[in-house]
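For the sequence shown, our numbering begins at 1 and goes up steadily by one.
The structure appears right after this line, and notes come after that.
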Amino acid sequence: MDISERFIIYLTEQSFLISLTSLIAMTLNLKAVFLGFFIAYKIDFIMGFSHIFDTYSGIYNLIILFVLSFVYYST
Numbered sequence: 001m002d003i004s005e006r007f008i009i010y011l012t013e014q015s016f017l018i019s020l021t022s023l024i025a026m027t028l029n030l031k032a033v034f035l036g037f038f039i040a041y042k043i044d045f046i047m048g049f050s051h052i053f054d055t056y057s058g059i060y061n062l063i064i065l066f067v068l069s070f071v072y073y074s075t
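Have a look at this one:
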């Protein structure tokens, strides 16, 4: 595989994992921070990224994403 194919696969996997994270967060009655990040902070990337770390729901979303990524890539 060349680098462009790997990049497309990586983007697909990350989109899948972020979607699962948002679904789990909404199931747990948490704010789905990643969906808001991609919608509201398209232009100002740095401010949008720092917003995730400022809230408890953002930290919970990162923990969910970490666990899902760990399980996905280790199996």
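For each residue, glycine too, the CB sits at the ideal point set by N, CA and C.
At a Cβ-Cβ threshold of 8 angstroms, L68 and L11 do not count as neighbours. At the C-beta level, L20 and N61 stay beyond 8 angstroms of one another. Within a 10 Å sphere around the beta-carbon of I64 sit 16 or more other beta-carbons, which makes this residue buried.
Distance between I9 and T27, taken at the CA atoms: about 27 angstroms.
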